[in-house]
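Chemist:
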Amino acid sequence: DGGITQSPKYLFRKEGQNVTLSCEQNLNHDAMYWYRQDPGQGLRLIYYSQIVNDFQKGDIAEGYSVSREKKESFPLTVTSAQKNPTAFYLCASRSRVGETQYFGPGTRLLVL
Amino acid sequence: EDQVTQSPEALRLQEGESSSLNCSYTVSGLRGLFWYRQDPGKGPEFLFTLYSAGEEKEKERLKATLTKKESFLHITAPKPEDSATYLCAVPDGGSNFGNEKLTFGTGTRLTIIP
Numbered sequence: 001d002g003g004i005t006q007s008p009k010y011l012f013r014k015e016g017q018n019v020t021l022s023c024e025q026n027l028n029h030d031a032m033y034w035y036r037q038d039p040g041q042g043l044r045l046i047y048y049s050q051i052v053n054d055f056q057k058g059d060i061a062e063g064y065s066v067s068r069e070k071k072e073s074f075p076l077t078v079t080s081a082q083k084n085p086t087a088f089y090l091c092a093s094r095s096r097v098g099e100t101q102y103f104g105p106g107t108r109l110l111v112l
Numbered sequence: 001e002d003q004v005t006q007s008p009e010a011l012r013l014q015e016g017e018s019s020s021l022n023c024s025y026t027v028s029g030l031r032g033l034f035w036y037r038q039d040p041g042k043g044p045e046f047l048f049t050l051y052s053a054g055e056e057k058e059k060e061r062l063k064a065t066l067t068k069k070e071s072f073l074h075i076t077a078p079k080p081e082d083s084a085t086y087l088c089a090v091p092d093g094g095s096n097f098g099n100e101k102l103t104f105g106t107g108t109r110l111t112i113i114p
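Residue numbers (the numbering used here), protein chains in the order written: chain A, 1 to 112; chain B, 1 to 114.
#1: Around the Cβ of PHE34/B, are there at least 16 other Cβ atoms within 10 angstroms (buried) or fewer (exposed)?
#2: To the nearest angstrom, how far is the alpha carbon of LEU49/A from that of SER73/A?
#3: If we call anything under 7 Å between Cβ atoms a contact, is THR77/A one with ASN28/A?
#4: Put GLU81/B into one of helix, strand or coil per three-state DSSP.
#5: Name the two residues that bound the continuous beta strand (DSSP E) containing PHE74/A.
#6: Chain A beta carbons: is any one of them nearer than 7 Å to that of LYS101/B?
#7: By how many angstroms is the C-alpha of LEU109/A removed from the C-alpha of ILE113/B?
#8: Among ILE60/A, SER65/A, GLU69/A and TYR64/A, which one has its Cα closest to the Cα of VAL52/A?
#9: Listed from N- to C-terminal order along the chain, which residues in the region 96-111 of chain A have their beta-carbon within a distance smaller than 8 Å of any beta-carbon of chain E?
#10: Within this structure, are the beta carbons of SER7/A and PRO75/A separated by less than 7 Å?
#11: Going by beta carbon distance, what residues of the same chain come within less than 7 Å of GLU55/B, once the five residues before and after it are set aside?
#12: Between which two residues does the beta strand (DSSP E) containing GLN3/B stretch?
#13: Put ALA116/A into one of helix, strand or coil per three-state DSSP.
#14: Once you ignore the five residues that flank ALA38/B on each side, which residues in its own chain have a CB closer than 8 Å to its CB?
#15: Which same chain residues, not among the five before or five after GLY98/A, have their C-beta less than 6 Å away from its C-beta?
#16: With GLN6/B and LEU21/B assumed to form a contact (beta carbons below 8 Å), what rounded beta-carbon distance in angstroms separates them?
#17: Which whole-angstrom value is the C-beta distance of LEU90/A and GLN37/A, which I expect to be below 8 Å?
#18: Distance cutoff 7 Å, beta carbons only. Does THR85/B sit that close to anything in chain A?
#19: What are the residues of the region 9-43 of chain A that lie near chain B, defined by any Cβ-Cβ distance shorter than 7 Å?
#20: At least one CB of chain B closer than 7 Å to the CB of LEU76/A: is that the case?
#21: Could you name the residues of the same chain whose beta carbon sits closer than 6 Å to that of PRO105/A, not counting the 5 residues immediately before and after it, in chain order?
#22: Nearest CA to the CA of ASN84/A: which residue from TYR10/A, GLN101/A, GLY16/A and SER67/A?
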């Protein structure tokens, strides 16, 4: 089956700890995106990547980092600099010629 | 600044009671409008893309329409399984065609009561 997978489904972070959220896609999509979703707010873009080894900051990149070493993978690291990390994190991908973004199932990050 | 506003924030309907959700936008040079459905604790599921004013698309009990300033998601004779949050999004007016970012509305939470 083609699709986007995110892991883990739930993640707990301790104070001062960096954690990494996984996003993998087998759709052969060029572009990948990370969003954050908080209650009562729309999805906000953290980082996006149009091609391997290249990525751009979105609207709320502070406290986050990404890498794009493989076309299929776009991991997101939530660093200790992110003071309010509790949220639902969504990964999406888009084919180069199409415009629709398709989403993964999400990871819920909680702070202990 | 590009904005997407959805109304109402929440809507409760009896099963079979038709209604419409609204998505209004301010963006220069609209290059598409997307509708998604999101169930609690899950990622958004793509429903429709509309590209030009006057365009309509249908899927089961849902029909999306687009004007120059807004889009409507009409739901006809809804069933309880249609309960979800419905999101709309538009590409940022300042981004290039092949490099667009999406601006999302905050969604309409739809509840269908049996």
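The beta-carbon is built from N, C-alpha and C at its ideal position, and this holds for glycine as well. Predicted model, so just to flag it, every value in this text is computed and none were measured.
Modeler: If we stick to the structure as given:
#1: Counting from one through the second sequence, the residue named residue 34/B turns up at place 34. That one is buried.
#2: Walking along the first sequence from the start, residue 49/A turns up at place 49. Walking along the first sequence from the start, residue 73/A turns up at place 73. Sequence inspection shows Ser at residue 49/A; the Leu mentioned does not correspond to that position. So the two alpha carbons sit approximately 10 Å from each other.
#3: Residue mapping note: residue 77/A aligns to position 77 of the first sequence, counting from 1. Residue mapping note: residue 28/A aligns to position 28 of the first sequence, counting from 1. Not in contact: THR77/A and ASN28/A (Cβ atoms no closer than 7 Å).
#4: Here the question's residue 81/B lines up with position 81 in the second sequence. Three-state result, GLU81/B: helix.
#5: Residue 74/A sits at position 74 when you count from the first residue of the first sequence. No beta strand (DSSP E) holds PHE74/A; DSSP gives it neither H nor E.
#6: In the second sequence, residue 101/B corresponds to position 101, counting from 1. Yes, contact with chain A.
#7: Walking along the second sequence from the start, residue 113/B turns up at place 113. Walking along the first sequence from the start, residue 109/A turns up at place 109. One C-alpha to the other measures close to 31 Å.
#8: Here residue 52/A refers to the residue found at position 52 when the first sequence is read from its first residue. It is GLU69/A.
#9: The displayed structure is made up of protein chains A and B, and chain E is not among them.
#10: Translated into the one-based positions of the first sequence, residue 7/A becomes position 7. Translated into the one-based positions of the first sequence, residue 75/A becomes position 75. No, the Cβ-Cβ distance between SER7/A and PRO75/A is not below 7 Å.
#11: In the second sequence, residue 55/B corresponds to position 55, counting from 1. Excluding residues within five positions, the ones whose Cβ falls inside 7 Å are LEU66.
#12: The sequence position of residue 3/B within the second sequence is 3, counting from 1. GLN3/B -> beta strand (DSSP E) spans 3-7.
#13: Residue 116/A is absent from the model: chain A starts at 1 and stops at 112.
#14: To locate residue 38/B, count along the second sequence from 1; it is residue 38. For clarity, residue 38/B is Gln in the given sequence; the question names Ala instead. Only PRO44, GLU45, ALA84, THR85, TYR86, LEU87 and GLY107 meet the Cβ criterion.
#15: Walking along the first sequence from the start, residue 98/A turns up at place 98. Unreliable positioning characterises GLY98/A in this predicted model, as indicated by a pLDDT of 49, which lies under 50. The coordinate reading is nonetheless provided below. Nothing listed; no residue qualifies.
#16: What you label residue 6/B is simply residue 6 of the second sequence in a count that begins at 1. What you label residue 21/B is simply residue 21 of the second sequence in a count that begins at 1. Contact flag correct, Cβ pair sits at about 7 Å.
#17: Sequence index remark: in the first sequence, residue 90/A carries index 90 (1-based). Sequence index remark: in the first sequence, residue 37/A carries index 37 (1-based). Yes, they are in contact, since the Cβ atoms of LEU90/A and GLN37/A sit about 6 Å apart, within 8 Å.
#18: Along the second sequence, read from residue 1 onward, the residue named residue 85/B stands at position 85. No, no contact with chain A.
#19: GLY40, GLN41, GLY42 and LEU43
#20: Here residue 76/A is taken as the residue at index 76 of the first sequence, counted from 1. For LEU76/A, the answer is no, since every Cβ of chain B falls outside 7 Å of its Cβ.
#21: What you label residue 105/A is simply residue 105 of the first sequence in a count that begins at 1. Excluding residues within five positions, the ones whose Cβ falls inside 6 Å are GLN6.
#22: Residue 84/A sits at position 84 when you count from the first residue of the first sequence. If we check each option's Cα against that of ASN84/A, GLY16/A comes out closest.
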